[in-house]
Amino acid sequence: TYEVATACALALGADKLICIIDGPILDENGRLISFLPLQEADMLIRQRVKQSEIAAKYVKAVGEEDLTCIGHDDTSSVVHSLQNGKAFNSIRNPTFQNGVGFDNGNGLWSGEQGFAIGGQERLSRDNGYLSELAAAAFVCRGGVQRVHLLDGTIGGVLLLELFKRDGMGTMVASDLYEGARMAMVTDLAGIRQIILPLEESGTLVRRSDEELLKALDSFVVMEREGQIIACAALFPFFKDKCGEVACIAVSPDCRGQGQGDKLLGTLLNIYNFTVCAMFDTVILCYLLWCS
């Protein structure tokens with residue numbers, strides 16, 4: 001049961017907890033959600049408190065404090081600053097097609113006990129995979145760094161999850177795994193690797209290393225496990241009171257996961273909080289394919 005699994009994971013001080021479920025966890029566009037920071041998972045559960053006994057039991061077990069209000073040093077946060085190399089401090093707000101899917105449990109936050117999740121709500125799947133998500137968030141709050149929620153209908157899914165860089169399921173993580181931040185000089189090689197195929201195909205204008213370095217303060221990168229998987233730039237034109245979003249590129253292995261949308265949202269957050277104060281109106285030129 002999940003109660004035994006969570007209790008064992010916490011008692012052993014496990015690094016990982018793996019849950020095999022009967023389907024994938026999808027977003028509103030039917031795409032697999034490959035990663036959820038603990039803060040996002042916690043937020044999604046709390047949003048369902050009034051509709052789900054599982055969510056209510058989770059909040060009762062862990063307390064009322066919302067993790068999104070705590071000053072965590074993680075890469076899903078967004079400091080609204082254009083200072084080079086700063087991590088961000090704004091929580092994304094994903095939505096789900098099939099829920100995320102605690103039940104009528106009695107687990108306690110402190111002590112050796114696990115979080116009990118079972119019963120009719122989980123069996124009916126009225127709230128998708130909320131049971132599994134709550135178990136994941138619960139153990140992450142207790143010290144387990146990562147929880148893997150895997151679709152058991154896929155052959156060899158466990159090996160694929162553990163040995164592919166981006167895995168095959170949904171990961172809930174309390175440690176640093178993925179996030180957006182301002183680019184640094186050490187990111188040049190990673191940015192070059194992502195944009196080079198698009199430059200060669202004529203999708204993006206070629207930029208020399210010197211040009212990239214000169215424009216680096218305008219770049220934002222998406223980092224996963226220490227690797228750059230996407231990049232984008234924002235070039236403000238203060239005299240004309242407008243700005244250009246440019247050089248949006250995502251690693252081929254990570255396309256279809258909404259990374260470009262996340263970067264664009266990050267750029268807009270930076271734009272709104274830093275540039276808007278200087279502009280009467282804000283005009284963005286989305287030159288995504290020709291700049």
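Residue numbers 1 to 291, in the UniProt record's numbering, belong to the letters of the sequence shown in order. Note that CB positions come from ideal geometry on N, CA and C, so glycine has one too.
For the beta strand (DSSP E) that contains A215, what are its first and last residues? Taking the first residue of the sequence shown as 1, we reach residue 215 at position 215. That residue, A215, is in no beta strand (DSSP E); it is neither H nor E in DSSP.
Checking 7 Å against the spacing of the C-beta atoms, do V250 and A230 come in under that value? Numbered from its first residue, the sequence shown carries residue 250 at position 250. Numbered from its first residue, the sequence shown carries residue 230 at position 230. Yes, these two residues count as a Cβ contact at 7 Å.
Here's the rule: buried if 16 or more other CB atoms are within 10 angstroms of the residue's CB, otherwise exposed. What is P37? Here residue 37 refers to the residue found at position 37 of the sequence shown. Buried is the call here.
Can you tell me the Cβ-Cβ gap for E199 and I21, rounded? I've got them flagged as a contact below 8 Å. Within the sequence shown, residue 199 is the residue found at index 199, counting from 1. Within the sequence shown, residue 21 is the residue found at index 21, counting from 1. Incorrect: roughly 41 Å between the Cβ atoms, too far for contact.
Selection from K262, V221, I191 that minimises the alpha carbon distance to E211: To locate residue 211, count along the sequence shown from 1; it is residue 211. Nearest Cα to E211 within the set K262, V221, I191: I191.
First and last residue of the uninterrupted alpha helix (DSSP H) at T266: Residue numbering aside, residue 266 sits at position 266 when the sequence shown is read from its first letter. Looking at the DSSP string, the run of the alpha helix (DSSP H) that includes T266 is 259-270.
Mind reading off the beta-carbon distance from V221 to I228? Whole number of angstroms is fine, and I expect it under 8 Å. Here the question's residue 221 lines up with position 221 in the sequence shown. Here the question's residue 228 lines up with position 228 in the sequence shown. Rounded, the Cβ-Cβ distance is 5 Å, consistent with contact.
Could you give the distance in angstroms between the alpha-carbon of N269 and the alpha-carbon of V4? Mapped onto the sequence shown, residue 269 falls at position 269. Mapped onto the sequence shown, residue 4 falls at position 4. Approximately 42 Å, taken between the alpha carbons.
So if DSSP puts L149 in a beta bridge, which residue, or which two residues, is it bridged to? Looking up residue 149 in the sequence shown gives position 149. DSSP, once it has assigned bridges, lists C19, T170 as partnering L149.
Determine which residues share a DSSP beta bridge with I228 and list them. The sequence position of residue 228 within the sequence shown is 228, counting from 1. Beta-bridge pairing links I228 to E223.
Tell me whether Q51 is buried or exposed, calling it buried when 16 or more other Cβ atoms sit within 10 Å of its Cβ. Translated into the one-based positions of the sequence shown, residue 51 becomes position 51. Q51 is exposed by the Cβ-count criterion.
What are the boundary residues of the beta strand (DSSP E) that A249 is part of? The residue given as residue 249 occupies position 249 in the sequence shown. Element bounds for A249: 242-250.
Give me the residue from L162, M171, R181, G156 with the minimum Cα distance to A41. Taking the sequence shown and counting its residues from 1, the one referred to as residue 41 is at position 41. A41 has its Cα closest to that of M171, out of L162, M171, R181, G156.
Could you have a look at F238 and say whether DSSP puts it in helix, strand or coil? Here residue 238 refers to the residue found at position 238 when the sequence shown is read from its first residue. It is coil, neither helix nor strand.
Could you have a look at A134 and say whether DSSP puts it in helix, strand or coil? Start at 1 with the first residue of the sequence shown, and residue 134 comes out as number 134. In this structure, A134 counts as helix in the three-state DSSP scheme.
Per-residue burial, P252 [other beta carbons within 10 Å of its own, 16 or more giving buried]: For this step, residue 252 is matched to residue 252 along the sequence shown. With fewer than 16 other Cβ atoms within 10 Å, it is exposed.
Compute the minimum distance between the beta carbon of A134 and the heavy atoms of the ligand MG, and state whether it is under 6 Å. This structure simply doesn't include the ligand MG, nor any ligand for that matter.
Look at the alpha carbon of R224 and the alpha carbon of F238, and state the distance between them as a whole number of angstroms. Taking the sequence shown and counting its residues from 1, the one referred to as residue 224 is at position 224. Taking the sequence shown and counting its residues from 1, the one referred to as residue 238 is at position 238. Taking the straight line from one Cα to the other gives about 33 Å.
Along the chain, where does the alpha helix (DSSP H) that runs through L188 open and close? Within the sequence shown, the letter at position 188 stands for residue 188. It spans 188-200 - the alpha helix (DSSP H) in which L188 sits, taken as one unbroken run.
Helix, strand or coil at A233 [DSSP, three-state]: One-based indexing of the sequence shown puts residue 233 at position 233. Correct three-state label for A233: strand.
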